[in-house]
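So the protein lines, in turn, are chains E and U.
Going letter by letter, the first sequence gives residues 12 to 651 in this note's numbering.
Going letter by letter, the second sequence gives residues 12 to 651 in this note's numbering.
All residues carry an ideal CB built from backbone N, CA and C; glycine is no exception.
There are 2 protein chains.
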Amino acid sequence: MPMPAHVVLGDGEFLIDEHFGIALNGYKELRLERAQQRFLDVLSRETGIPLWREAIRNRANFVIQTAGPSAQVQGLGENESYHLEISTTAVLLKAANPLGVLRGLQTFLQLVRITPSAFSVRAVTIDDEPRFPWRGLLIDSGHRFVPVSVIKRNLDGMEAVKLNVFHWRFADNQGFHIESKRFPLLQQKGSGGFYYSQDEVREVITYARDRGIRTVPEFDMPCHTTSWFSGYPALASGENPFHSSAIDPTRETTYKFLTGFIGEMAELFPDSYFHAGGDECDSKEWEDNPRIQDFMRTHAIKDGAALQAVFTSRVEKIIAGRKKIMVGWDEVLQPDTPKDVVIQSWRGPASLAQAARDGYRGVLSSGYYVDLNQSAAEHYLVDPLGDDAATLSPDQKARVLGGEATMWTDIVSHENMDNRIWPRTAAIAERLWSPVEVQDVDSMYQRLAIVSLKLDYYGLRHRLITDEMLERMSGEPDPEPLKVLAAVVQPPRIYERQDLRTFTDFTPLNRLDDAVPPESDTAREFGGIAKRIASGEATPNDWQRARQWLVLWRDNDAKLQPLLKRSYLTQDLAPVSENLSRAAEIGLQALDDLEKNRAVNTDVRQRSIDFLKSAAKPQAVLLLMVAPSVELLIEATRTQ
Amino acid sequence: MPMPAHVVLGDGEFLIDEHFGIALNGYKELRLERAQQRFLDVLSRETGIPLWREAIRNRANFVIQTAGPSAQVQGLGENESYHLEISTTAVLLKAANPLGVLRGLQTFLQLVRITPSAFSVRAVTIDDEPRFPWRGLLIDSGHRFVPVSVIKRNLDGMEAVKLNVFHWRFADNQGFHIESKRFPLLQQKGSGGFYYSQDEVREVITYARDRGIRTVPEFDMPCHTTSWFSGYPALASGENPFHSSAIDPTRETTYKFLTGFIGEMAELFPDSYFHAGGDECDSKEWEDNPRIQDFMRTHAIKDGAALQAVFTSRVEKIIAGRKKIMVGWDEVLQPDTPKDVVIQSWRGPASLAQAARDGYRGVLSSGYYVDLNQSAAEHYLVDPLGDDAATLSPDQKARVLGGEATMWTDIVSHENMDNRIWPRTAAIAERLWSPVEVQDVDSMYQRLAIVSLKLDYYGLRHRLITDEMLERMSGEPDPEPLKVLAAVVQPPRIYERQDLRTFTDFTPLNRLDDAVPPESDTAREFGGIAKRIASGEATPNDWQRARQWLVLWRDNDAKLQPLLKRSYLTQDLAPVSENLSRAAEIGLQALDDLEKNRAVNTDVRQRSIDFLKSAAKPQAVLLLMVAPSVELLIEATRTQ
């Protein structure tokens with residue numbers, strides 16, 4: 012995963028044992044040597060065989076053939092194709108440049124499995140290349156600071172699933188988290204002490220480049236910028252800079268500042284693209300400021316959007332002056348926006364398609380917001396060339412560069428971030444890499460489970476976080492009944508969060524809704540079984556598993572309640588646990604009725620359905636994911 | 012844990028919430044600031060409340076009062092005492108120097124727990140100091156290279172349990188894993204590319220010092236030294252340096268080399284103590300070399316031990332010439348050994364007591380070999396002043412400096428090392444810190460379980476390793492029945508390993524005996540229940556749990572067998588799983604017989620006992636730990 016473009020299965024398998032040997036042939040550079048070492052490290056972790064030392068000395072049965080270099084600064088649309096030929100005795104990985112080698116090595120690592128005789132890879136010939144040239148992940152270090160170690164392991168994960176753009180966002184109202192040497196008050200006053208030094212930034216850029224990943228910085232402006240004003244209050248539109256969130260676009264001093272700041276950052280980040288944000292401007296601050304109103308009248312600027320357009324146009328020129336291409340969110344697109352500006356769409360495919368028709372290149376993010384706790388399947392079925400874009404001409408389609416998963420950190424900390432990003436982002440990565448025909452959701456979920464396991468070997472913590480947080484919130488080394496409940500609930504989806512907490516970067520994210528993965532595997536599996544039972548297609552094994560699960564859930568509440576009372580972080584879960592128990596009881600009754608084809612009293616049936624509907628609603632900021640499936644069961648029963 | 016010396020419980024509790032504030036008063040240094048930051052990091056992880064930023068700004072309800080500095084280079088026997096006063100509204104931590112502050116901060120972190128109202132610490136006043144001044148952990152980077160990241164997280168664990176000596180061993184026959192600038196062929200030819208640069212060593216020393224831990228290097232000589240000879244064959248005693256393991260003690264060139272080498276290393280490591288090894292010399296190589304035999308005759312050296320004494324005496328002088336004190340294993344103790352040499356005893360307390368009587372200071376390691384897979388209780392009950400040492404005079408007792416847990420890496424890799432060291436080393440740490448009266452094994456196990464959980468927050472991986480390795484060896488994301496088996500087996504104890512594999516640093520350690528912890532908690536708990544049932548002291552809950560466990564184990568084999576067949580790493584576990592199932596069946600029968608007070612046929616009973624005795628023997632290099640407990644049950648039944 013992503014599924015390669017062309018796969019031809021062979022016979023037999025290639026064994027991975029102490030005789031494994033690897034060599035780099037053809038074009039050489041240090042990045043390839045480091046990639047080889049990293050490959051051996053992961054392969055050693057996948058197998059428990061310490062290959063890292065001997066594999067370079069052994070006779071090479073795995074040969075990497077690189078034709079030539081890639082660009083000095085990784086560019087958009089560089090060749091990432093590779094040819095991977097695995098026979099029972101040898102492996103050949105051929106690529107035009109190191110980028111293709113990186114991609115091919117990851118494919119090999121994903122194919123490793125254990126068999127009754129050894130760790131091995133099936134014989135196969137693969138010719139592979141990406142469908143889209145821009146396959147990104149945004150990490151938002153603006154709302155909350157994200158430590159470098161967390162960034163790095165997520166870059167490792169990106170490499171594993173062949174993503175190639177790290178969109179790194181540094182500031183928002185909450186904080187300014189990168190060092191400026193020209194304007195040091197930005198981080199000194201705006202970061203609370205947590206910011207990336209320029210050395211750290213360079214280190215991350217190199218780390219990303221080593222993995223075939225471009226680093227595109229974002230400095231969101233003119234709004235979401237309160238944190239800039241702690242150090243430089245003259246930039247603010249509002250009278251009180253600490254309560255202002257918009258840059259004043261009417262002062263020349265603003266542009267003087269931005270020329271200096273963007274100049275510094277354009278030098279720090281070698282990538283040709285520079286993201287200047289531009290989203291969600293509320294023009295109220297501009298309307299409330301008489302000086303800005305005067306300016307607008309004088310220059311015949313009709314509203315806030317037009318004022319932002321003026322600002323964007325100035326910023327675009329500053330960026331272009333540094334020989335960089337601007338990227339911006341939907342809002343930056345205005346009638347006179349230069350045609351090389353890249354539009355990142357949070358509004359949706361229609362907006363992106365319109366931009367493409369108007370001659371702009373674009374990147375889709377709408378549908379790939381991994382912070383919104385949607386299912387992998389939902390993300391997977393969003394296509395940058397789907398919906399409105401399907402009607403574009405080939406030239407217009409070529410302007411759709413790809414997409415980006417977005418890890419906003421409003422309600423995510425660096426502690427639980429991995430479990431929000433992974434494994435679902437692998438499904439998005441497949442959408443952006445693999446041929447458009449690859450659409451089977453069941454196959455995706457099967458492969459996603461394997462990838463999720465493999466991502467452990469890259470140091471990602473997504474599979475560890477839930478249990479660790481459940482232990483902490485219960486104070487128990489193995490809070491089994493809490494795990495049972497956790498496996499069937501989900502945090503609220505999209506923007507449906509019902510609680511009225513306001514989230515700052517000091518809000519503890521240590522509750523069950525923070526701990527559980529965005530998608531419940533158990534609920535999905537149970538849902539599949541319930542569907543098969545309801546439609547009469549269930550196997551005896553389905554019936555047995557449904558019953559086992561329902562019994563587990565029914566009996567869980569009695570064990571869990573005493574535990575919940577002991578901790579202030581779990582007390583409000585009592586009704587959720589009760590609901591699970593009652594839903595399971597209803598489910599067991601429905602199974603009995605179905606099995607015996609017994610007619611059910613209509614009133615009783617309706618009361619059960621009503622209860623299940625209410626149980627499926629958010630409670631303690633959690634969704635009980637199995638309630639709708641139990642409803643399927645009861646609806647399949649016969650009424651009197 | 013370790014249990015403090017003096018504890019007076021107060022009333023009420025101190026809450027940890029967003030109002031938490033901390034300040035350093037009195038003597039200040041950067042190490043204290045870093046300690047404070049580390050404390051806040053762990054406290055944030057323990058609670059999920061992001062305290063790291065605001066706690067330094069808030070009004071301080073946690074005040075650290077440091078009287079003055081500690082020594083520039085941490086010395087043996089420095090004051091580590093502290094006074095910790097926790098009321099419902101404030102915390103005061105007072106210490107003479109930063110070392111005491113470090114110890115007190117760890118005590119506080121261990122006291123944090125979750126309650127129905129908040130994370131909190133009970134009001135208490137603690138006055139604490141260590142019983143022994145030398146409380147160490149040896150990590151053997153000689154047999155296998157141990158990455159710096161693994162060393163560092165184990166130093167974090169050492170700090171958590173107040174250990175203060177990191178004994179770092181760099182070379183053995185298998186490899187020479189540290190950079191020498193004077194003799195670079197040592198690492199260039201002897202390390203296979205895996206060695207610590209001097210910069211890395213300095214970084215680790217600083218990291219340790221920050222945690223109140225001295226770093227004592229060991230260069231084991233004159234034996235265990237094959238790896239030295241790849242670069243410097245003239246040092247070898249044998250004709251073929253690649254098959255020689257002993258330094259030639261008869262050549263002056265040897266001492267010239269050692270003067271240079273020890274000089275370089277004595278400069279790199281600031282500690283006043285320098286470990287020169289000296290263990291397990293086999294004099295055969297010396298006997299086989301005519302030139303060495305000539306030398307011995309000429310100088311009237313009667314045997315290998317005497318020749319080693321000559322060598323040790325020269326090495327001791329070189330070390331003393333660098334103003335350092337030599338440490339060595341038991342064997343270095345000879346009639347003319349200078350009195351300041353410290354003896355580390357792997358032979359046992361008798362050897363250590365004799366050394367103390369002879370005027371030597373000593374450190375006990377026998378009984379603290381954590382690589383030997385003994386129980387925490389066994390280690391816990393070994394006392395450096397126990398056995399023979401109990402009869403020493405107070406002056407002689409004062410020469411017993413403490414003890415050291417030893418993590419030898421013959422059959423441990425950096426992957427599973429954490430699970431060999433932790434949590435059992437915390438029990439050893441308590442033995443070395445706490446008053447001699449602290450001896451209750453049940454209390455130790457209760458507290459050890461809590462410490463084990465807390466060590467997660469220091470980044471240690473001991474609680475993660477088993478599941479990760481089981482997933483890898485089965486190829487399954489959640490191999491439940493394999494986990495059930497894994498929970499009741501243990502790797503072979505002490506030197507009872509029955510398999511004939513020879514272990515090099517390339518031997519994969521990826522099997523079940525590598526994955527499971529050295530001590531089965533489940534087996535210990537079941538053992539307690541079985542004992543109570545057998546002695547008629549069991550509660551109804553005991554009976555119920557015994558039955559639940561036995562049913563789980565009886566039914567597990569049918570689920571596990573298909574899984575075991577799929578992987579070459581698990582196929583040989585089939586008979587172990589069968590034995591568990593059969594043992595559980597016997598146990599269930601015994602429970603029934605006991606409950607109904609039914610008389611059992613003597614022959615049947617004997618056959619069951621015979622089976623259980625054979626099932627308790629190593630199989631697939633594993634011990635089935637519940638068999639002896641089931642035997643207790645059956646032996647409690649009445650015969651016909």
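Determine the chain E residues that contact U:Leu-520 at a beta-carbon separation under 8 Å, and present them in chain order.
-> Within the second sequence, residue 520 of chain U is the residue found at index 509, counting from 1. By Cβ distance, chain E contributes Gly-59.
Going by other Cβ atoms of all chains shown within 10 Å of its Cβ, with 16 needed for buried, is U:Pro-195 buried or exposed?
-> Taking the first residue of the second sequence as position 1, residue 195 of chain U is located at position 184. With fewer than 16 other Cβ atoms within 10 Å, it is exposed.
What distance in whole Å lies between the Cβ atoms of U:Glu-327 and U:Pro-349, which are believed to be in contact at a cut-off of 8 Å?
-> As a working mapping, residue 349 of chain U is identified with position 338 in the second sequence. As a working mapping, residue 327 of chain U is identified with position 316 in the second sequence. Rounded, the Cβ-Cβ distance is 6 Å, consistent with contact.
Residues of the region 192–205 of chain E whose Cβ lies closer than 9 Å to any Cβ of chain U, in chain order | Gly-203, Gly-204 and Phe-205
Taking C-beta pairs closer than 9 Å, name the residues in chain E that U:Arg-124 reaches, listed in chain order.
-> Indexing the second sequence from 1 puts residue 124 of chain U at position 113. What U:Arg-124 touches in chain E: Gly-486.
With contact counted as at least three CB pairs below 8 Å, one residue from each stretch, are the region 437–448 of chain E and the region 171–179 of chain E in contact?
-> yes
Closest Cβ-Cβ distance between U:Glu-479 and chain E: below 8 Å?
-> Along the second sequence, read from residue 1 onward, the residue named residue 479 of chain U stands at position 468. It does; some Cβ of chain E falls within 8 Å.
In chain order, what residues of the region 371–383 of chain U put their CB closer than 8 Å to some CB of chain E?
-> none
Would you say E:Glu-482 faces chain U, with C-beta separation under 8 Å as the test?
-> Along the first sequence, one-based indexing puts residue 482 of chain E at 471. Yes, its Cβ sits closer than 8 Å to a Cβ of chain U.
Indicate whether at least one CB of chain U lies closer than 8 Å to the CB of E:Leu-403.
-> The residue labelled residue 403 of chain E in the question sits at position 392 within the first sequence. No - not a single Cβ of chain U is within 8 Å of the one on E:Leu-403.
Using the DSSP secondary-structure output, state which residues sit across from E:Trp-145 in a beta bridge.
-> As a first step, residue 145 of chain E must be located in the first sequence, where it is residue number 134. In the DSSP output, where bridge partners are listed per residue, E:Trp-145 has E:Gly-413.
Bounding residues of the beta strand (DSSP E) (the contiguous stretch that carries U:Gly-21) | Locating residue 21 of chain U in the second sequence gives position 10, counting from the first residue. Taken as a continuous stretch (DSSP letters only), the beta strand (DSSP E) holding U:Gly-21 covers 17–27.
Is the shortest distance between the beta-carbon of E:Phe-143 and the beta-carbons of chain U less than 8 Å?
-> Stepping through the first sequence from its first residue, residue 143 of chain E is reached at position 132. No - not a single Cβ of chain U is within 8 Å of the one on E:Phe-143.
The beta strand (DSSP E) enclosing U:Ile-75, as first and last residue numbers | One-based indexing of the second sequence puts residue 75 of chain U at position 64. Its beta strand (DSSP E) spans residues 73–77.
Compare the beta carbon distance of E:Asn-427 and E:Ala-526 with 8 Å and say whether it is the shorter of the two.
-> As a position in the first sequence, residue 427 of chain E is number 416, starting the count at 1. As a position in the first sequence, residue 526 of chain E is number 515, starting the count at 1. In contact: E:Asn-427 and E:Ala-526 (Cβ atoms closer than 8 Å).
Does the beta-carbon distance from E:Val-215 to E:Ile-162 come in below 8 Å?
-> Start at 1 with the first residue of the first sequence, and residue 215 of chain E comes out as number 204. Start at 1 with the first residue of the first sequence, and residue 162 of chain E comes out as number 151. Against a cut-off of 8 Å, the Cβ pair of E:Ile-162 and E:Val-215 comes out as a contact.
Give a yes or no on whether the minimum CB-CB distance between E:Gln-582 and chain C is below 8 Å.
-> Among the chains of the structure shown, chain C does not appear; the protein chains present are E and U.
What are the boundary residues of the alpha helix (DSSP H) that includes U:His-473?
-> If you number the second sequence from 1, residue 473 of chain U lands on position 462. It is not in any alpha helix (DSSP H) - U:His-473 carries neither H nor E in the DSSP assignment.
Taking any Cβ of chain U, which residues in the region 443–469 of chain E have a Cβ under 9 Å from it, in chain order?
-> Ala-460, Ile-461, Ser-463, Leu-464, Asp-467 and Tyr-468
In chain order, what residues of the same chain lie with their CB nearer than 7 Å to the CB of E:Leu-643, ignoring the 5 residues before and after it?
-> As a working note, residue 643 of chain E is residue 632 in the first sequence. Correct list, in chain order: Ala-541, Lys-542 and Ala-545.
Selection from U:Phe-181, U:Arg-308 and U:Asp-28 that minimises the alpha carbon distance to U:Ala-101 | Mapped onto the second sequence, residue 101 of chain U falls at position 90. When each option's Cα is compared against that of U:Ala-101, the closest is U:Asp-28.
Just the chain E side, please: which residues come within less than 8 Å of U:Phe-268 by C-beta, in chain order?
-> Mapped onto the second sequence, residue 268 of chain U falls at position 257. Residues of chain E passing the Cβ test: none, with the nearest at roughly 27 Å.
Beta carbon of U:Leu-403 nearer than 8 Å to that of U:Trp-145 = If you number the second sequence from 1, residue 403 of chain U lands on position 392. If you number the second sequence from 1, residue 145 of chain U lands on position 134. Against a cut-off of 8 Å, the Cβ pair of U:Trp-145 and U:Leu-403 comes out as no contact.
Compare the C-alpha of E:Tyr-284 against each of E:Asn-251, E:Val-338 and E:Tyr-468 and name the closest.
-> Here residue 284 of chain E refers to the residue found at position 273 of the first sequence. When only C-alpha atoms are compared, the closest one is E:Val-338.
Spatial neighbours of U:Glu-170 in its chain, beta-carbon cut-off 6 Å, leaving aside the 5 residues before and after | For the purposes of this step, residue 170 of chain U is taken as the residue at position 159 of the second sequence. Hits under 6 Å: Arg-222.
For E:Pro-586, which option in E:Asp-351, E:Ile-224, E:Pro-395 and E:Leu-633 has the closest C-alpha, if you only look at C-alpha atoms?
-> Locating residue 586 of chain E in the first sequence gives position 575, where the first residue counts as 1. The candidate whose alpha carbon is nearest that of E:Pro-586 is E:Leu-633.
Does any residue of chain E bring its CB to less than 8 Å from the CB of U:Ile-27?
-> What you label residue 27 of chain U is simply residue 16 of the second sequence in a count that begins at 1. Not closer than 8 Å to any Cβ of chain E, the Cβ of U:Ile-27 fails to qualify, so no.
Assigned secondary structure, U:Ser-255 (DSSP; H/G/I helix, E/B strand, else coil) = The count along the second sequence starts at 1 and reaches residue 255 of chain U at position 244. Looking at U:Ser-255 - three-state DSSP - the assignment turns out to be coil, as it is neither helix nor strand.
Buried or exposed: where does U:His-473 fall if 16 or more other Cβ atoms within 10 Å of its Cβ makes it buried?
-> To locate residue 473 of chain U, count along the second sequence from 1; it is residue 462. Looking at its Cβ environment, which holds 16 or more other Cβ atoms inside 10 Å, U:His-473 is buried.
Could you check how far apart the C-beta atoms of E:Tyr-218 and E:Ile-189 are, in whole angstroms? I think they sit under 8 Å.
-> Taking the first residue of the first sequence as 1, we reach residue 218 of chain E at position 207. Taking the first residue of the first sequence as 1, we reach residue 189 of chain E at position 178. So it is not a contact: roughly 16 Å between Cβ atoms.
Reducing DSSP to helix, strand and coil, say where U:Pro-228 ends up.
-> Looking up residue 228 of chain U in the second sequence gives position 217. In this structure, U:Pro-228 counts as strand in the three-state DSSP scheme.
Closer than 8 Å to chain U by CB, E:Pro-127 = For the purposes of this step, residue 127 of chain E is taken as residue 116 along the first sequence, with counting starting at 1. Chain U contact via Cβ: present.
Residues of the region 558–585 of chain E with a CB closer than 8 Å to any CB of chain U: list them in chain order, please.
-> Lys-576, Arg-577, Ser-578, Tyr-579, Leu-580 and Gln-582
Can you find at least 3 beta carbon pairs, one from the region 389–397 of chain E and one from the region 490–498 of chain E, that sit closer than 8 Å?
-> no
How about E:Glu-65: is its C-beta nearer than 8 Å to some C-beta of chain U?
-> By one-based count along the first sequence, residue 65 of chain E stands at place 54. For E:Glu-65, the answer is yes, since a Cβ of chain U falls inside 8 Å of its Cβ.
Measure from the C-beta of E:Leu-475 to each C-beta in chain U and report whether the shortest distance is under 8 Å.
-> Position 464 of the first sequence, counting from 1, holds the residue named residue 475 of chain E. True, the Cβ-Cβ gap to chain U drops below 8 Å.
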